[in-house]
Amino acid sequence: MAVAGAGWTVITDDTPEYSVERVVDGDTIIVDNDAGETGIRVRLLSVDTPEMDKTGSLEGCYAQEATDYLTGLLPPGTAVELETDVEDTDRYGRMLAGVYVAGDDVLINAEIARGGYGVAALYQPNEKFYPEVKAAEEQAQQAGVGIHDPALGCSPAASHEDAAAALAALAAVSLASLSDDELDDHRRSLTAIRDTLDQRATATPRDGQKDGAAVHNHFVRVNDEGEEDTRPVLERLERAADEENEQRREKAAEEERRRVEAEQRAEKRRVEQEQRQAAREAERAAGAARPTPAPAPAQPRNSTPPQPTAQQPSGGGGPQPDTYTGCRAYGGSYPPNAVDTKGRPYTRIDCTTKTPI
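Quick note, in UniProt numbering, the sequence shown goes up one by one and the last residue is 357.
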């Protein structure tokens, strides 16, 4: 018979002998006993492994490997000894126990943690196996095996290592040497890294009493540690890329402003030139519309016509009075042919034709 006390179990000749029927996942098995009980579900105490039904999430990382490992330790038919703690069963009706291969004192619960297939989990008030499992977990951490391996693809550690390597490569790039398209690619690469980190960052700690919670919380801690290294570098590179992009945007805007101003000046000059041309053409057209005056008659070489000398009558007689009463021309280009009563020379002209007579 089995006599149980607080934190211990005594194995007697009447204690049922158990054998493994099958492994459910990395921390759960189904056993039968020689008392005729079958399908007894046993949850291994003080250890938590990734959950098989959570593949793709943090608590599902390395689940298949943990299941395979436990199957290797406890293949179907293996005789096992089950040792309980304060509580024999949990709220789901599963038996809670430390598991040993019959005749062996190696605690299977601790071996799971030692191989890096799970983490120590304290399910109060059951503390009996926790110290041994925790010590085994620390050995796995130091060895960097299993879920503690930084290269494990589904682990946040791997994500941060990949991100750190990618960020180092991007940090070595001279932004000023990149074309605009290359700068866009550079910024998209940073965004992709941020998206990956952000997906991990949404994970928050869970109730450690639930299956998978301890593993989940382990990965959350790993992610937080990685964040402390990679996030500042990412943000620094993003700021640098954004500043470079903004400088180029401002430069392009300034060049566009200057281009527009140059076009406006050129357009203004063109309009002013057209206006001046139109004014000149209008002036020429106005000049062509005015009548051209007749050219002045040619002047004789001696512009001063000879002045006729008044004839003095011979003898003692006085001047002869001018009796011409027709049209006269004083001065001008006609040679005088008469003198009026005042002694002024003039030219007798036809009143109609204005020609000398």
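Idealized CB from N, CA, C, for every residue including glycine.
Inter-residue CB distance, T78 and A163 (contact presumed, cutoff 8 Å) | Taking the Cβ atoms as the reference, T78 lies roughly 43 Å from A163, outside the contact range of under 8 Å.
P345: which of Q277, T67 and P335 sits nearest, CA to CA?
-> Checking every option, the nearest Cα to that of P345 belongs to P335.
Who are the near neighbours of D340 in its chain, counting only those whose CB is closer than 7 Å to its CB and skipping five residues on each side?
-> Excluding residues within five positions, the ones whose Cβ falls inside 7 Å are D322 and Y346.
From what residue to what residue does the alpha helix (DSSP H) around G72 run?
-> A63 to L73 is the span of the alpha helix (DSSP H), which, as asked, contains G72.
Beta-bridge pairing of N126 - partner residues as DSSP gives them | In the DSSP output, where bridge partners are listed per residue, N126 has Y123.
What residues in its chain sit with their C-beta under 8 Å from that of R114, if we drop five residues either side in the sequence?
-> Hits under 8 Å: A136, E137, Q139 and A140.
Which residue from Q64, F129, D184 and R188 puts its Cα closest to that of D105?
-> Ranked by Cα distance from D105, the options Q64, F129, D184 and R188 are led by F129.
In angstroms, rounded to a whole number, what distance separates the CA positions of E51 and R41?
-> When only Cα atoms are considered, E51 and R41 end up about 16 Å apart.
Work out the CA separation of Y117 and Y62 for me, nearest whole Å.
-> Here the alpha carbons of Y117 and Y62 stand approximately 7 Å from one another.
Boundaries (first-last residue) of the beta strand (DSSP E) holding D25 | Secondary structure note for D25: its beta strand (DSSP E) is the uninterrupted segment Y18 to D25.
Hey, could you find the ends of the alpha helix (DSSP H) N245 is sitting in?
-> Start and end: A213 to A289.
Residues that DSSP places opposite N337 in a beta bridge = According to DSSP, residue pairing for N337 in a beta bridge does not occur.
Using a Cβ-Cβ cut-off of 8 Å (strictly less than) and excluding sequence neighbours within five positions of S189, which residues of its own chain qualify?
-> Correct list, in chain order: A166 and L170.
Length of the line joining the Cα atoms of Y69 and Q199 | When rounded, the distance between both Cα atoms is 29 Å.
Between S109 and L178, which are expected to be in contact by the criterion C-beta below 8 Å, what is the C-beta distance as a whole number of angstroms?
-> As written in the sequence, residue 109 is Asn, which differs from the Ser given in the question. For a cut-off of 8 Å, the C-beta gap from N109 to L178 is around 55 Å, too long to register as a contact.
Best match in A241, E227, R258 and D180 for proximity to H160 [C-alpha to C-alpha] = Comparing Cα-Cα distances from H160 to each of A241, E227, R258 and D180, the minimum goes to E227.
With burial defined as no fewer than 16 other Cβ atoms inside 10 Å of the residue's Cβ, what is the status of S155: buried or exposed?
-> For S155, the number of other beta carbons within 10 angstroms of its own is at least 16, and it is reported as buried.
Can you tell me where the alpha helix (DSSP H) with R43 in it begins and where it stops?
-> No alpha helix (DSSP H) holds R43; the beta strand (DSSP E) holding it covers I40 to L44.
What's the C-alpha gap between L152 and H218?
-> Taking the CA atoms as reference points, L152 sits about 14 Å from H218.
Of the listed residues Y18, A282, D53 and Q124, nearest to A35 (C-alpha basis) | The option with the nearest alpha carbon to A35 is Y18.
Per DSSP, cross-strand counterpart(s) of N33 | Bridge partners of N33: Y18.
According to DSSP, what are the bridge partners of D48?
-> Its beta-bridge partners are V119.
Report, in whole angstroms, the separation of the C-beta atoms of R348 and G332, which I expect to be a contact under 8 Å.
-> Cβ atoms of R348 and G332 stay farther apart than 8 Å, at about 13 Å.
Please look up how many angstroms separate the CB atoms of V99 and L122, rounded, as I've assumed it's under 8 Å.
-> The pair is not a contact, with the Cβ atoms about 18 Å apart (cut-off 8 Å).
Give a single yes or no on whether P295 has its beta carbon closer than 7 Å to a heavy atom of the ligand GTP.
-> Although the ligand GTP was asked about, the structure shown includes no ligands whatsoever.
Kindly indicate which three-state DSSP category E87 falls into: helix, strand or coil?
-> E87: coil per DSSP, three-state reduction.
Residue nearest to T15 in terms of C-alpha spacing, selected from R270, P205 and N33 | Answer by Cα proximity: N33.
Would you mind stating whether V173 and V47 have Cβ atoms separated by less than 8 Å?
-> Cβ atoms of V173 and V47: not closer than 8 Å.
So what's A192 in DSSP terms, helix, strand or just coil?
-> Assignment of A192 by DSSP, reduced to helix, strand and coil, places it in the helix class.
Status (buried if at least 16 other CB within 10 Å, exposed otherwise) for D184 | The residue is exposed, with fewer than 16 neighbouring Cβ atoms inside 10 Å.
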